[in-house]
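Residue numbers (the numbering used here): 25 to 267.
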Amino acid sequence: MAYLEGKIVFITAAAQGIGRASVEAFASAGALVVATDINAAKLSELEGVANVTTRVLDVLSDDSVKRVVADIGHIDILFNCAGVVHAGTVLEMSDQDIDFALELNVKAQIRTIKAIMPQMLERKDGAIINMATVASSVKGVPNRAAYSISKAAVIGLTKSIASDFTSSNVRVNAICPGTVDSPSLHERWAATGDVEAARQAFAARQPIGRIAQPEEIADLVVYLAGATYTTGQIHIIDGGWTA
């Protein structure tokens, strides 16, 4: 995509899953990628990849975010990928669960946006992609109270920012995946005590009959980064789950 050639892309939770697939997709598109993650060991696996530099980053720390962004300088595109999934209904949800879900799934996005957006406004150009999910205001999903509440807030955040800053040519969109193959998903399967049964149950939720691969979600992230007339939208990619 010509628009992305030489653009500087900042990605959180870049060491694995959708984040890592997005790093590779942006780099292949000619962008210069700053891959950030709190997991230094996993992040080091990206060192030496063409068009990619790495930074250890704790998105829960305002000081850490400001320091890393200041060190990088110019940033054209932000992909907020960091997040956490809690299991449980609202009756099972602890204060700690909802507080942490809001902290990592929502406030961490706000931190990076507030650190990076001023330069986008000054240039009158920029793209922000926020990670949401269909388990939000899009669709009720059992046993995901804290997760769904926080991700619904991401959709509200996305639309609010787009409404405020569209006239400055800063495009803000959210992606809403269904079930995506990732290390955290495998951990949730293992926690059930029957990995194969859990895998089949998760796959069966999507009418397409399978779980998405991270690379398929990364393709949408890259598209939205270069979609210069799209803003304030949620983009569902869920194998027909919400059709």
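The beta-carbon is built from N, C-alpha and C at its ideal position, and this holds for glycine as well.
Being a predicted model, the structure only gives us computed values, none of them experimental.
Check your understanding: What residue range is occupied by the uninterrupted alpha helix (DSSP H) comprising residue 169?
Key -> The residue given as residue 169 occupies position 145 in the sequence shown. Run containing residue 169: 169-189, per the alpha helix (DSSP H) assignment.
Exercise for review: With distances taken Cα to Cα, identify the nearest neighbour of residue 148 among 191, 124, 158, 159.
Suggested key: Counted from its first residue, the sequence shown places residue 148 at position 124. That would be 191, whose Cα lies nearest to the Cα of residue 148.
Review point. In three-state terms, what does DSSP make of residue 110?
Key: In the sequence shown, the residue the question calls residue 110 occupies position 86. Three-state result, residue 110: coil.
Practice item. Counting only runs of 3+ residues fully inside the stretch 109-155, write out the beta strand (DSSP E) ranges in chain order. Key: List check, beta strand (DSSP E) in window: 150-155.
Check your understanding: Between 44, 49, 40, 38, which lies nearest to residue 250 when the distance is taken from Cα to Cα?
Key -> As a position in the sequence shown, residue 250 is number 226, starting the count at 1. For the residues 44, 49, 40, 38, the minimum Cα distance to residue 250 belongs to 49.
Review point. Between residue 264 and residue 232, is the Cβ-Cβ spacing less than 7 Å?
Key: Position 240 of the sequence shown holds residue 264. Position 208 of the sequence shown holds residue 232. Yes. Within cutoff.
Check your understanding: Can you round the beta-carbon distance between residue 34 and residue 134 to whole angstroms, since I take them to be within the 8 Å contact cut?
Key -> The residue you call residue 34 lines up with position 10 of the sequence shown. The residue you call residue 134 lines up with position 110 of the sequence shown. Contact flag wrong, Cβ pair sits at about 15 Å.
Point to revise | Host beta strand (DSSP E) of residue 44 (start-end) | key: Here residue 44 is taken as the residue at index 20 of the sequence shown, counted from 1. That residue, residue 44, is in no beta strand (DSSP E); its alpha helix (DSSP H) goes 41-52.
Check your understanding: Where residue 248 and residue 117 are concerned, what is the direct C-alpha to C-alpha distance, given to the nearest angstrom?
Key -> Against the sequence shown, residue 248 aligns to sequence position 224. Against the sequence shown, residue 117 aligns to sequence position 93. Distance between the alpha carbons of residue 248 and residue 117 is about 34 Å.
Practice item. Could you say which of 194, 75, 171, 122 lies nearest to residue 109 if we only look at CA atoms? Key: As a working mapping, residue 109 is identified with position 85 in the sequence shown. When only C-alpha atoms are compared, the closest one is 171.
Check your understanding: What first and last residue would you give for the alpha helix (DSSP H) that runs through residue 248?
Key -> For the purposes of this step, residue 248 is taken as the residue at position 224 of the sequence shown. Counting along the chain, the alpha helix (DSSP H) containing residue 248 begins and ends at 238-250.
Review point. How long is the line joining the alpha carbons of residue 91 and residue 220, rounded to whole angstroms?
Key: Counting from one through the sequence shown, the residue named residue 91 turns up at place 67. Counting from one through the sequence shown, the residue named residue 220 turns up at place 196. Rounded to the nearest angstrom, the two C-alpha atoms are 43 Å apart.
Check your understanding: If you follow the beta strand (DSSP E) that residue 32 is part of, which residue opens it and which one closes it?
Key -> Walking along the sequence shown from the start, residue 32 turns up at place 8. Judged by DSSP secondary structure, residue 32 falls within the beta strand (DSSP E) whose first and last residues are 32-35.
**Study point:** Residue(s) in a DSSP beta bridge with residue 66
**Key:** Locating residue 66 in the sequence shown gives position 42, where the first residue counts as 1. According to DSSP, residue 66 bridges with nothing at all.
Exercise for review: Using three-state DSSP, classify residue 229 as helix, strand or coil.
Suggested key: The count along the sequence shown starts at 1 and reaches residue 229 at position 205. It is helical.
Practice item. Work out the CA separation of residue 230 and residue 182 for me, nearest whole Å. Key: Here residue 182 corresponds to residue number 158 of the sequence shown, with the count starting at 1. Here residue 230 corresponds to residue number 206 of the sequence shown, with the count starting at 1. Their backbone Cα atoms lie some 25 Å apart in a straight line.
Review point. Closer than 6 Å: is that where the CB of residue 106 sits relative to any heavy atom of the ligand COA?
Key: Ligands displayed in this structure: none; no statement on the ligand COA is therefore possible.
Exercise for review: On the DSSP bridge assignment, give the partners of residue 258 in chain order.
Suggested key: Translated into positions along the sequence shown, residue 258 becomes position 234. Residue 258 is bridged to 198.
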